[in-house]
Amino acid sequence: MSTFNVTRHLPADDSAAALRHDVLSGLTDSPKWLPPKWFYDARGSELFEEITRLPEYYPTRAEREILAVRAKDIAALTGARTLVELGSGSSEKTRLLIDALRAHGTLRQYTPVDVSESALRQAGEALLADYPDLTVHALAADFNQPIGLDEADAPVLLAFLGGTLGNLLPQERAAFLPTLRGDLRPGDALLLGTDLVKDEATLVAAYDDSAGVTAAFNKNVLTVINRELGADFDPDAFDHVALWNAEQEWIEMRLRARHTHTVKIRALDLAVSFERGEDLRTEISAKFREETIRAELAAAGFTLSHCWTDPAHRFALSLAVP
Ligand code: AVJ
């Protein structure tokens, strides 16, 4: 018997309140910024899936290459009965892990956690069709929310793939990783995917593709704010910008105002002015080195047990234990 359900971790109005709070904080700050999690409405999640298939966007393919080679080892090393995945999106690459853990004979439950309920429903339905006796308990929540693993059947494998950790600032990672550590018991494990530092041209192309899909994804956050908060952003009034910050070793996505103008946000009773050429930072995507992965995990109380890369050393998949 297969089961699938989606639990909303926060009632709908709390997420609306969180959006109002983030938009107010970010758009009244200088320089202006927005947190990347608001990209992912149904349209944004579709655009992200399209990004993962672009020739320039290598991280998804590189991580899948590693999983294809290592999933069997990961299953044997962890013997996980419960797989929890933060920022699961389409759960597409996760199938490699699910297959290996099923073949190993241990996996009973999969808990995908994502801000996009539409992505969770699509992924959940597809998984049910393909894994008839897997329990899928999806959680619509942002990965900063406590997930409550107390009831979970141990051992738990907590997967945080795709390089999403890189969307947090260093100080946010330093707070977030110890909470993950606190969720895990002896015998559990963390599987962490991180993109690696590489040449600037490859990195910038991955976030500024020639088909303009990433530009549309970036501007989608303005459409979300227009719809949810009654704002009047004109997406055509902004240019998509992707730049490599060599000092911080992260990619920044920005929206650059093409001309001086004012945007009204009705739900906040707020008018926001943009100078011509002014940037709104919408995302950072930090790139890592093996030493910094090990150090950040150690500072959070994890021991790195394995760190695998694809043959071209573009991406790393780390297995760490509490
Ligand atoms: C969601 C973290 C995998 O930072 O690479 C893709 C999101 N942003 N293109 C990343 C993203 C622009 C992505 N992750």
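Just so you know, the sequence shown maps onto residues 565 to 886 in our numbering.
Glycine included, every Cβ here is placed at the ideal spot set by N, Cα and C.
Residue i Cβ short of 7 Å to the ligand AVJ heavy atom set
i    : result
F781 : yes
Y674 : no
Y771 : yes
E847 : yes
I615 : yes
N809 : no
G730 : yes
P619 : no
G726 : yes
T787 : no
P599 : no
T699 : no
T778 : yes
P734 : no
F852 : no
P719 : no
F612 : yes
P799 : no
P623 : yes
Residue i classed as buried or exposed, judged by whether at least 16 other C-beta atoms fall within 10 angstroms
i    : result
N782 : buried
E629 : buried
D747 : buried
H585 : exposed
D569 : Looking at the sequence provided, one finds Asn at residue 569 rather than Asp. With fewer than 16 other Cβ atoms within 10 Å, it is exposed.
D798 : exposed
T778 : buried
T567 : exposed
E860 : buried
H804 : buried
T592 : exposed
S589 : exposed
T624 : buried
A723 : buried
D694 : exposed
K601 : buried
D697 : exposed
C-beta neighbour in chain B for residue i, strict 8 Å
i    : result
E736 : Among the chains in the structure shown there is no chain B, since it carries only a single protein chain.
Taking only runs of the alpha helix (DSSP H) that begin and end inside the segment 619–685, which ones reach a length of at least 4 residues, in chain order? 623–642 and 658–668
Does the contact criterion of 3 or more C-beta pairs under 8 Å hold for the segment 641–659 versus the segment 674–686? yes
If we count Cβ pairs, one from each stretch, closer than 8 Å, do we get three or more for the segment 842–851 versus the segment 809–816? yes
At 3 residues or longer, what runs of the beta strand (DSSP E) sit wholly inside the segment 682–709? 699–704
Which whole runs of the beta strand (DSSP E) in the segment 767–849 are 3 residues long or more, in chain order? 802–809, 814–821, 825–829 and 834–838
Between the segment 837–844 and the segment 819–829, can you find at least three pairs of beta-carbon atoms closer than 8 Å? yes
Do the segment 738–758 and the segment 626–645 meet, that is, are 3 or more Cβ pairs less than 8 Å apart? yes
With a cut-off of 8 Å, do at least 3 Cβ pairs link the segment 602–610 to the segment 633–641? no
Would you list, in sequence order, the uninterrupted beta strand (DSSP E) runs of no fewer than 3 residues that lie entirely inside the segment 852–882? 867–873
Pair every Cβ in the segment 862–878 with every Cβ in the segment 736–747, then say whether three or more of these pairs are closer than 8 Å. yes
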